[in-house]
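Notes follow the structure.
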Amino acid sequence: MDQFTRWVEALPVPDQGAETTAKKLVHEFVARFGAPLELHTDQGSNFESLLFKNVCKLLQVSKTRTTPYHPASNGQAERFNRTLLQMIRCYVDRNQKNWDEHLPLLTAAYRSSVHVTTKHTPNRLMLGREAHQPQDLWTGVAELQDSGLEVPEFLYRLEEGMKETHNIARENLRAAQRKQKKVYDLRAQEKSFSVGDLVYMRDTTKRIGHSPKLQPPWKGPFVVSACYGPVLYEIQGVRHRKIMHHDRLMPYDSKVIPAWIQRQRNRVLQDSATHPDPDTHLGSPGYTEQLPVSSAETSDITEPTQKETYTEELDIERNTEQHKECPKTQRGREIRRPARYNS
Numbered sequence: 001m002d003q004f005t006r007w008v009e010a011l012p013v014p015d016q017g018a019e020t021t022a023k024k025l026v027h028e029f030v031a032r033f034g035a036p037l038e039l040h041t042d043q044g045s046n047f048e049s050l051l052f053k054n055v056c057k058l059l060q061v062s063k064t065r066t067t068p069y070h071p072a073s074n075g076q077a078e079r080f081n082r083t084l085l086q087m088i089r090c091y092v093d094r095n096q097k098n099w100d101e102h103l104p105l106l107t108a109a110y111r112s113s114v115h116v117t118t119k120h121t122p123n124r125l126m127l128g129r130e131a132h133q134p135q136d137l138w139t140g141v142a143e144l145q146d147s148g149l150e151v152p153e154f155l156y157r158l159e160e161g162m163k164e165t166h167n168i169a170r171e172n173l174r175a176a177q178r179k180q181k182k183v184y185d186l187r188a189q190e191k192s193f194s195v196g197d198l199v200y201m202r203d204t205t206k207r208i209g210h211s212p213k214l215q216p217p218w219k220g221p222f223v224v225s226a227c228y229g230p231v232l233y234e235i236q237g238v239r240h241r242k243i244m245h246h247d248r249l250m251p252y253d254s255k256v257i258p259a260w261i262q263r264q265r266n267r268v269l270q271d272s273a274t275h276p277d278p279d280t281h282l283g284s285p286g287y288t289e290q291l292p293v294s295s296a297e298t299s300d301i302t303e304p305t306q307k308e309t310y311t312e313e314l315d316i317e318r319n320t321e322q323h324k325e326c327p328k329t330q331r332g333r334e335i336r337r338p339a340r341y342n343s
């Protein structure tokens, strides 16, 4: 979906493999419209594959992606999917086997409809003209008419008309964005973190054999290792780093800090002090480096009986003296002997 003109393409595929996705992109879109300057996707395995990234690199397409499990980052595409499903539901047969046959005409109908935000049809913004429909042939609107213009003059008028239409669409988009931001800010809960803070991450992944209703809703703790603007934060766990939206993070509110997470936090703070980066310190100036601790009087969240906390190394705190001289790997991780050799 083109976020400016609202031009949409819906293509049926036999699978969601990286090769299938890359072929559809090149054959069905790039071959007709050319390569886009930027491509924004979710973190599906087909889009994050090495093959798809190399195709984007070959076409000189700047690829961006949403944060994990945050579909609002790609809200326009998600809203179109909802509209498309409603349209397919009206035409699919009882066996629901012929849904793919209706996609070309349904997307054509969408592209011929005036969008509520731009106040123009996607056809008008993308092609510079309206596509003729069957009713146009019936009413005689689509009759061939000679404009009497030479090719250069026709191209000039077409270009000027598209410029004017795009300018109007931009103004309408800005007005819609201001309206949506005003509505969003009414219910938004602003959260600000700094490098070194401990946070929980909301976990909505579904596991086979587990009921989602009985799963712990929060996972952690994690260390905030970098800040990318006011809403995106990089968090570091036991093995990996992730970039998360602040809506999926919550301050770590326990007074008990595992020894391994404290060591990890110290390394993050040391790296931040050694290699300061202005792009990683964009948190709120009023937020202190102190650990967020909530008391029984101020906390409205039950203490982490429902939070998934890494506890495999909690016993390290009792054996600190024993592991002081442990050798370390190149990444700074301690190499400890198996427990059976410590007796």
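If you're matching positions, the sequence shown starts at 1 in the UniProt record's numbering and goes up one per residue.
By construction, the Cβ of each residue, glycine as well, lies at the ideal position given by its N, Cα and C atoms.
Note that the coordinates shown come from a computational prediction; the quantities given were computed from them, not determined experimentally.
For residue 40, the enclosing beta strand (DSSP E) has its first and last residue at 38-41. Taking C-beta atoms as the reference points, residue 46 and residue 10 fail to come closer than 8 Å. Between the alpha carbons of residue 83 and residue 43 lies a gap of roughly 22 Å.
Put simply, the stretch 69-83 does not touch the stretch 91-105. Fewer than three CB pairs are less than 8 Å apart. Contact between residue 36 and residue 61 holds: CB atoms are separated by about 6 Å, below the 8 Å threshold. The alpha-carbon of residue 131 is positioned some 46 Å away from that of residue 202.
Put simply, of 6, 53, 3, 4 the residue whose alpha carbon is nearest the alpha carbon of residue 23 is 53.
Here the stretch 170-179 does not lie against the stretch 146-162, with fewer than 3 beta-carbon pairs under 8 Å apart. The C-beta distance from residue 264 to residue 224 rounds to 11 Å, too long to fall under 8 Å, and the pair is not in contact.
For residue 251, the secondary structure class from DSSP, reduced to helix, strand or coil, is strand. The C-alpha of residue 27 is placed about 19 Å away from the C-alpha of residue 127. Proximity to residue 38 across 108, 215, 59, 238 peaks at 59, based on C-alpha coordinates. Annotation: the continuous alpha helix (DSSP H) that includes residue 161 extends over 151-187. Counting along the chain, the unbroken alpha helix (DSSP H) around residue 87 starts and ends at 75-91. A distance below 6 Å between beta-carbons, with the five flanking residues on each side excluded, links residue 250 to the following residues of its chain, in chain order: 200. DSSP places residue 63 within a strand segment (E or B) once states are collapsed to three.
Pairing residue 188 with residue 74, the inter-Cα distance amounts to about 18 Å. Per DSSP, reduced to three states, the secondary structure at residue 259 is helical. Within the DSSP secondary-structure output, residue 222 pairs in a beta bridge with 199. If you draw a straight line from the Cα of residue 245 to the Cα of residue 190, it is about 11 Å long. Non-local beta-carbon contacts of residue 118 in its own chain, meaning distances under 7 Å to residues more than five positions away in sequence, involve 6, 125, 169, 172, 173 in chain order. Around residue 87, the same chain offers 106 as residues with beta carbons nearer than 7 Å, after the five sequence neighbours per side are excluded. With contacts defined as CB atoms closer than 8 Å, residue 261 and residue 221 qualify as a contacting pair.
A check of alpha carbon separations from residue 55 across 71, 69, 21, 226 identifies 21 as the nearest. Rounded to whole angstroms, residue 135 and residue 70 show a C-alpha spacing of 41 Å. Taking 8 Å as the upper bound for CB-CB distance, residue 111 and residue 122 are in contact here, some 4 Å apart.
Looking at 49, 269, 165, 72, the one whose alpha-carbon comes closest to that of residue 248 is 72. Within the same chain, and ignoring the five residues on either side of residue 91 in sequence, the residues whose Cβ sits closer than 6 Å to its Cβ are 102. Pairing residue 272 with residue 196 gives a Cβ-Cβ distance under 8 Å.
Counting along the chain, residue 244 sits inside the beta strand (DSSP E) bounded by residues 241-245.
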